[in-house]
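Numbering (the numbering used here), first residue to last: 51 to 319.
In this text, a Cβ means the ideal position worked out from N, Cα and C, and glycines have one as well.
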Ligand SMILES: Cc1cc2nc3c(=O)[nH]c(=O)nc-3n(C[C@H](O)[C@H](O)[C@H](O)COP(=O)(O)OP(=O)(O)OC[C@H]3O[C@@H](n4cnc5c(N)ncnc54)[C@H](O)[C@@H]3O)c2cc1C
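Here it is as structure tokens:
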């Protein structure tokens, strides 16, 4: 059981940041992961008064507050239009609607969980995160950093020419994923992200230019085979490493072919 001694609702990010520097404090998102832990917390810092529960669209980006929920990602028209519904695809198997109405973007990314569908997709979108103290940095960099005491303020997805597709494999519909895969082409750069390996998601690019002429059946298969060789996978109670490697081939190829269909001009190059 999670036991909290003191509950605080800071009125500014500075105050929240100051508080979280102290030992035995914890920042609260939707608390869905935290509440599964058995620990005694000195001070719980609830960010709910800081107006971070919005998705703001500007001329050049979407700015997703840390307290925005996974359900908001799933139902946001502009974000899903820009991502060909890949955002909705990435979260729709996470437990259920009531759960997604509570789980936050901040908690999902700050946790950098190995199984995270959310991390996989935002890495493929080449998103940035804004930390109160650490400033704006690429999510890819943040994902590799050790645990730190900072406040994740928002996630920023720049508006670009984005083509993206999402795939995951689960043993049962709403279980944790056995493997996650997102493939994107942003302004001509291909990225392939594999998560739930079961380790944290990793990003690959098309260094050898396999996809440079646009996606087709042959190069989708070749690229998928190449990623399956390069990716480091492991075993856990959901699946063995061999199965994950085989799945990598299938999911990367499927995601690429979906991307190729949506990206017809690229395909015909
Ligand atoms: C039963 C269950 C099944 C799940 N299945 C999946 C799944 O299939 N796929 C998937 O992708 N995810 C899954 N998740 C994870 C879930 O989607 C959320 O990512 C998770 O619950 C964390 O979000 P939260 O808002 O509940 O954060 P919390 O539990 O409140 O916080 C998580 C961590 O992030 C920190 N934190 C939260 N917000 C901030 C912030 N703004 N700044 C700094 N630190 C912060 C907290 O201190 C804590 O360490 C599952 C979770 C559970 C409990």
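query, result
"Alpha-carbon spacing of residue 218 relative to residue 128, whole angstroms", "23 angstroms"
"Check whether residue 237 and residue 211 have beta carbons under 8 angstroms apart", "yes"
"Cβ-heavy atom distance, residue 195 to ligand 1, below 7 angstroms", "no"
"Same chain, Cβ closer than 8 angstroms to residue 138, five either side skipped, listed in chain order", "123, 124, 125, 130"
"Distance cut-off 7 angstroms: residue 51 Cβ against heavy atoms of ligand 1", "no"
"Straight-line Cα distance separating residue 167 from residue 214", "14 angstroms"
"Cα-Cα separation between residue 172 and residue 144, rounded to whole angstroms", "16 angstroms"
"Proximity test, residue 79 beta-carbon vs ligand 1 heavy atom, cut-off 7 angstroms", "yes"
"Span separating the alpha-carbon of residue 300 from that of residue 118", "32 angstroms"
"Residue 116 (DSSP reduced to helix, strand or coil)", "coil"
"Any non-hydrogen atom of ligand 1 within 7 angstroms of residue 86 CB", "yes"
"Segment contact flag, the stretch 240-259 with the stretch 278-285, C-beta cutoff 8 angstroms, min 3 pairs", "yes"
"For residue 217, the first and last residue of its enclosing beta strand (DSSP E)", "212-220"
"Cutoff 6 angstroms; reference residue 274; Cβ partners in own chain excluding five residues on either side", "299, 302, 303"
"For residue 169, the nearest candidate out of 230, 62, 82 (CA to CA)", "230"
"beta-carbon residue 82 near ligand 1 non-hydrogen atom, thresh 7 angstroms", "yes"
"Where residue 179 sits in the DSSP three-state scheme", "strand"
"Close-in-space but distant-in-sequence residues of the same chain around residue 79 (CB under 6 angstroms, 5 per side omitted)", "154, 156, 157"
"Given residue 288 as reference, the closest of 68, 100, 220, 84 once Cα atoms are compared", "220"
"Residue 149, DSSP secondary structure in three states", "helix"
"Endpoints, alpha helix (DSSP H) assigned at residue 70", "63-70"
"Identified DSSP bridge partners for residue 56", "93"
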